[in-house]
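There are 2 protein chains.
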Amino acid sequence: MPITIKDVAKIASVSPSTVSRVISNNPSISEETRKRVFQAMEALDYRPNAIARSLANRRTNTLGLIIPNSETDLFDNPFFIRAMRGISIYSQKSGYHIMYTYTRNEAEELKFLKDYVHSNLVDGIILMTTMENDACIEYLKNEKFPFVVIGRPEKADHTLWVDNDNFQAMYNMVNLLVNEGVDRFAYIGGSMAYNFSKDRFEGFRSALNVRGISIEPEMVIHEAEISIRSGYVACEKIFSKGMPAAIVTTDDLLGHGALNYLETHDIEAVRVTGFNNISMNEFHKNLLTSVDINSEMLGYKASKLLIENLKNTSKVNHYIIETKIVER
Amino acid sequence: MPITIKDVAKIASVSPSTVSRVISNNPSISEETRKRVFQAMEALDYRPNAIARSLANRRTNTLGLIIPNSETDLFDNPFFIRAMRGISIYSQKSGYHIMYTYTRNEAEELKFLKDYVHSNLVDGIILMTTMENDACIEYLKNEKFPFVVIGRPEKADHTLWVDNDNFQAMYNMVNLLVNEGVDRFAYIGGSMAYNFSKDRFEGFRSALNVRGISIEPEMVIHEAEISIRSGYVACEKIFSKGMPAAIVTTDDLLGHGALNYLETHDIEAVRVTGFNNISMNEFHKNLLTSVDINSEMLGYKASKLLIENLKNTSKVNHYIIETKIVER
DNA sequence: CTGAAAGCGCTTACAG
DNA sequence: CTGAAAGCGCTTACAG
Numbered sequence: 185m186p187i188t189i190k191d192v193a194k195i196a197s198v199s200p201s202t203v204s205r206v207i208s209n210n211p212s213i214s215e216e217t218r219k220r221v222f223q224a225m226e227a228l229d230y231r232p233n234a235i236a237r238s239l240a241n242r243r244t245n246t247l248g249l250i251i252p253n254s255e256t257d258l259f260d261n262p263f264f265i266r267a268m269r270g271i272s273i274y275s276q277k278s279g280y281h282i283m284y285t286y287t288r289n290e291a292e293e294l295k296f297l298k299d300y301v302h303s304n305l306v307d308g309i310i311l312m313t314t315m316e317n318d319a320c321i322e323y324l325k326n327e328k329f330p331f332v333v334i335g336r337p338e339k340a341d342h343t344l345w346v347d348n349d350n351f352q353a354m355y356n357m358v359n360l361l362v363n364e365g366v367d368r369f370a371y372i373g374g375s376m377a378y379n380f381s382k383d384r385f386e387g388f389r390s391a392l393n394v395r396g397i398s399i400e401p402e403m404v405i406h407e408a409e410i411s412i413r414s415g416y417v418a419c420e421k422i423f424s425k426g427m428p429a430a431i432v433t434t435d436d437l438l439g440h441g442a443l444n445y446l447e448t449h450d451i452e453a454v455r456v457t458g459f460n461n462i463s464m465n466e467f468h469k470n471l472l473t474s475v476d477i478n479s480e481m482l483g484y485k486a487s488k489l490l491i492e493n494l495k496n497t498s499k500v501n502h503y504i505i506e507t508k509i510v511e512r
Numbered sequence: 185m186p187i188t189i190k191d192v193a194k195i196a197s198v199s200p201s202t203v204s205r206v207i208s209n210n211p212s213i214s215e216e217t218r219k220r221v222f223q224a225m226e227a228l229d230y231r232p233n234a235i236a237r238s239l240a241n242r243r244t245n246t247l248g249l250i251i252p253n254s255e256t257d258l259f260d261n262p263f264f265i266r267a268m269r270g271i272s273i274y275s276q277k278s279g280y281h282i283m284y285t286y287t288r289n290e291a292e293e294l295k296f297l298k299d300y301v302h303s304n305l306v307d308g309i310i311l312m313t314t315m316e317n318d319a320c321i322e323y324l325k326n327e328k329f330p331f332v333v334i335g336r337p338e339k340a341d342h343t344l345w346v347d348n349d350n351f352q353a354m355y356n357m358v359n360l361l362v363n364e365g366v367d368r369f370a371y372i373g374g375s376m377a378y379n380f381s382k383d384r385f386e387g388f389r390s391a392l393n394v395r396g397i398s399i400e401p402e403m404v405i406h407e408a409e410i411s412i413r414s415g416y417v418a419c420e421k422i423f424s425k426g427m428p429a430a431i432v433t434t435d436d437l438l439g440h441g442a443l444n445y446l447e448t449h450d451i452e453a454v455r456v457t458g459f460n461n462i463s464m465n466e467f468h469k470n471l472l473t474s475v476d477i478n479s480e481m482l483g484y485k486a487s488k489l490l491i492e493n494l495k496n497t498s499k500v501n502h503y504i505i506e507t508k509i510v511e512r
């Protein structure tokens, strides 16, 4: 027999309405009765039933999280768990809970998204990635259901999003290498269906352009899968065409694949760079210079942005998270 | 104005009770009216309100997941995300949702655990790790709140748990090495406050015992933190004492730390083994033989066990997940 | 096989 | 500043 608001009301000699107002911090309650009610709650070790509150006020204080398809190694990428940590930390602070669901493909993404939206279980949704013609974004916009997306969407209007400045981060990385004297570049990136891949590639292209270094198309590889294996395989193609002075990649897993290739083939003096600054880099003998994208902050700010908007206390529709080049 | 059970009832010319019975698959409904109700639901695109259902039948069909403290690299360990994936996949199948919360220390663990238990938001809890004198297990037992724990707890009676046979896995690994001719062993493990650390160490000890190989205490290191760094640091201690023929570790991160040490110091012909078979192993030049603990299956079976018990369809209180040595 | 009614534990206009 | 009442959208004994 659980303790309810009625039990508290009886002990405190007030009505259930009053107890409810005390719980929700309604300012119209006198200090005297507030104190009495708190005492009663304490005495009974009363905890409000979150489900009942949700039904009555039509808010669940819960956010839904869609973790995208990843048969690939992508899933061992610490990005997701780090972002989920940031999401959890901000949400805890503001009294929100987080539901997640793992999906294997876009069809499942959409299916579970609908489940979240129609079940009334969550007040808003966090999408962990952005794709070209993203069906999830499309759907949520149509339904006018609150959501935030990690990664700048194609049409950023009327959409909440957080992202790094991927163009700038890659631009700066290439510049750094040019300043070190690198004059021949290879590039390994992920699928151009992702906006962050496009942005990073554009940063690469623009930086070389500005510095007057030509891009060699056969040294530019876009791999469908972001993994150590892909990085390795891409190098086989690259080195069949020539010998770059640096291999710029869009992910540390690709970068480590490249490093493995270099080591296996006893190739020296080729710089390799990546993104994400995964912990594996730190003690690795082969040095990988990497962009720390601050995944945890991406998650943190994503939930912040969404929750602020649910409470109507936000003026902005996006946050840019600072990146940092970690040189090695 | 959301569509409710009443709207459906009106269209189908039945009472709300009947609609409810159709939704919950109550067998006492005639085929004829069942069909009519389904048609009405379809016509209105009706979706039951999960919150209202939860309040009425006192089940939320939601599980709560506590992700333990990890200021350390532990968090980049793919174990967590893989287990969470398994948990999600089984839960989806049986119509359960998953909430997670990240915690920074045992005090927070307990705090958020209480939050879950008292908010009535979840029907059961999944604990991702087991510790010595685990306060969370203690608490949940006292509250008689349903839970499952990944990792065999100290007192396994009246507790649901899933685990590998960590003793056996390590025992087999050591045996394999002995058969290959290894006659001098070093050991790097995690904190002995974790049962899996204890089990793995016992497997190590017993296997050497049986094969008549003595353990050199100064070559046995228990690190508080499971990380690449710790593995490296442990090797500094080990090699100041002598030259083992194999370094057996309880985690691939420790193993990679050891490999890095060997490489940095140009030490060859020392075998290194780990646990988890992380993806980093696959393309790494230095070969790490590893125990694949099947993290995803641990998560999968954990939610299966918990959900089966919530539905009273389970006879067992634990599952052992098979491990597999991946030789390299 | 089906319906009317009470109930799950809250919130919130409305009235005073 | 506080209470009585209706309502949130379901479920489920009870009765027929």
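Top line first, the protein sequences correspond to chains A and B. For the first sequence, position 291 matches number 475 in my numbering, and the numbering has no gaps at all. For the second sequence, position 196 matches number 380 in my numbering, and the numbering has no gaps at all. Glycine included, every Cβ here is placed at the ideal spot set by N, Cα and C.
- For H302 (chain A), the C-beta contacts it makes with chain B under 8 Å involve R231, in order along the chain.
- Contact annotation: in the stretch 260–279 of chain B, residues whose CB is within less than 8 Å of a CB in chain A are D260, P262, F264, I265, R266, M268, R269, S272, I273, Q276.
- Put simply, the CB of Y484 (chain A) is far from chain B, with every gap to its CB atoms at 7 Å or more.
- The beta-bridge partner set that DSSP reports for H281 (chain A) consists of A:T246.
- Counting along the chain, D299 (chain B) sits inside the alpha helix (DSSP H) bounded by residues 290–303.
- The beta carbon of L239 (chain A) falls within 7 Å of a beta carbon belonging to chain B, placing the residue at that interface.
- Annotation for V358 (chain B): F388, A391 place their beta carbon closer than 6 Å to its own, counting only its chain and skipping 5 residues before and after.
- Going by DSSP, D347 (chain B) is part of the beta strand (DSSP E) stretching over 344–348.
- Contact between the stretch 483–493 of chain B and the stretch 367–384 of chain B is not established, with fewer than three Cβ pairs separated by less than 8 Å.
- Counting only Cβ-Cβ distances below 7 Å, M357 (chain A) has no contacts in chain B at all, with the closest Cβ about 22 Å away.
- Measuring C-alpha to C-alpha distances from D349 (chain B) to each of B:Y416, B:I207, B:I505 identifies B:I505 as the nearest.
- Taken through DSSP and simplified to helix, strand or coil, I412 (chain A) comes out as helix.
- Excluding five sequence positions before and after N253 (chain A), the CB atoms of its chain that fall closer than 8 Å to its own CB belong to T287, R288, N289, E290, E292, E293, given in chain order.
- By the CB criterion at 7 Å, A267 (chain B) and G483 (chain B) fall inside the cutoff.
- S479 (chain B) has its alpha-carbon roughly 23 Å from the corresponding atom of I431 (chain B).
- A353 (chain A) sits buried, since 16 or more C-beta atoms from the chains shown fall within 10 Å of its C-beta.
- Two segments are said to touch when three or more pairs of C-beta atoms, one from each, lie closer than 8 Å; by this definition the stretch 193–207 of chain A touches the stretch 217–230 of chain A.
- Listed by position along chain B, the residues whose Cβ is nearer than 7 Å to that of I477 (chain A) form an empty set, because the closest Cβ is around 14 Å away.
- Residues are counted here when their Cβ sits less than 7 Å from a Cβ of chain A; for the stretch 199–214 of chain B the count is zero.
- Chain-ordered, the chain B residues with CB closer than 8 Å to the CB of A234 (chain A) read S303, N304, L305.
- Residue contact with chain A for H281 (chain B): present (Cβ-Cβ distance below 7 Å to some residue of chain A).
- For T285 (chain A), the chain B residues whose C-beta falls within less than 9 Å of its own C-beta are S272, S275, Q276, H281, I282, listed in chain order.
- Counting only runs of 3 or more residues that sit fully inside the stretch 406–491 of chain A, the beta strand (DSSP E) segments are 430–433, 455–459, 473–476, in chain order.
- Cβ proximity to chain A below 7 Å picks out Y416 from the stretch 414–438 of chain B.
- Only residues of its own chain outside the window of five on either side were considered, and among them G248, V306, I309 have a CB closer than 7 Å to the CB of Y300 (chain B), listed in chain order.
- L311 (chain B) and N261 (chain A) have their C-alpha atoms some 23 Å from each other.
- A418 (chain B) and R368 (chain B) do not touch by the CB rule: their CB atoms are close to 16 Å apart, not below 8 Å.
- Counting the other CB atoms within 10 Å of its CB gives L471 (chain B) a total below 16, which places it among the exposed residues.
- Annotation for G374 (chain A): no alpha helix (DSSP H) segment contains it, and DSSP assigns it neither H nor E.
- Of the other Cβ atoms in all chains shown, fewer than 16 fall within 10 Å of the Cβ of M376 (chain B); this residue is therefore exposed.
- Distances from the CA of N460 (chain B) to each of B:F380, B:Y445, B:V394 were compared; the closest alpha carbon is that of B:F380.
- Exposure of I451 (chain B) is indicated by the presence of fewer than 16 other C-beta atoms within 10 angstroms of its C-beta.
- Around the beta carbon of S411 (chain B), a 10 Å sphere encloses 16 or more other beta carbons of the protein chains shown; the residue is thus reported as buried.
- Annotation: V192 (chain B) is outside any beta strand (DSSP E); the continuous alpha helix (DSSP H) that includes it extends over 189–196.
- Cβ neighbours of D436 (chain B) within its own chain (closer than 8 Å, five residues either side excluded): G458, F459, N460, N461, I462, M464, N465, L472, S474.
- Around T244 (chain B), the beta-carbon contacts reaching into chain A at under 8 Å are I235.
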